[in-house]
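First comes the structure, then the notes that go with it.
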Amino acid sequence: MSAATKRHLARVAALPCALCGSMPVEVHHLMSGRVPGRRSSDWLAIPLCPDCHRGRNGIHGQQAMLKVMRKTELDLLAETFQRVCAGIERGQA
Ligand SMILES: [Zn+2]
Ligand SMILES: [Zn+2]
263 MSAATKRHLA RVAALPCALC GSMPVEVHHL MSGRVPGRRS SDWLAIPLCP
313 DCHRGRNGIH GQQAMLKVMR KTELDLLAET FQRVCAGIER GQA
């Protein structure tokens, strides 16, 4: 893994959950559009708390959180990019 990729993953892991805003988070890799059987790129990572990630209503479960918030995985990815870029612009590592 490149140093730039490690930095990006560390920035994602420092963000609050993309669905409910709680901390700490786990890093979820985008499932949409991936090659079956392969994990998507580390640059397609989304911060999710354990509940929103692996819980019953989480993204690997019934995805009720996504439905309630009327968002897709791609919406969460876009917000993640916005938050990471905003952090860089503010000078936070
Ligand atoms: Zn959450
Ligand atoms: Zn995941």
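In my numbering, the protein residues as written are 263 to 355.
Beta carbons: idealized from backbone N, C-alpha and C, even for Gly.
Report whether the distance from the Cβ of residue i to the nearest heavy atom of ligand 1 is below 6 Å.
i: residue 281; result: yes
i: residue 284; result: yes
i: residue 314; result: yes
i: residue 311; result: yes
What's the gap between the Cα of residue i and the Cα of residue j?
i: residue 322; j: residue 335; result: 11 Å
i: residue 265; j: residue 327; result: 33 Å
i: residue 344; j: residue 316; result: 24 Å
i: residue 292; j: residue 337; result: 11 Å
i: residue 324; j: residue 313; result: 12 Å
i: residue 289; j: residue 263; result: 15 Å
i: residue 269; j: residue 348; result: 15 Å
i: residue 277; j: residue 271; result: 10 Å
Using 10 angstroms around the beta-carbon of residue i, count the other beta-carbons present and answer buried if the total reaches 16, otherwise exposed.
i: residue 308; result: buried
i: residue 282; result: exposed
i: residue 297; result: exposed
Could you tell me if the beta carbon of residue i falls within a distance shorter than 6 Å of some heavy atom in ligand 2?
i: residue 270; result: no
Using 7 Å as the threshold, is the C-beta distance between residue i and residue j below it?
i: residue 284; j: residue 311; result: yes
i: residue 342; j: residue 280; result: yes
i: residue 273; j: residue 346; result: yes
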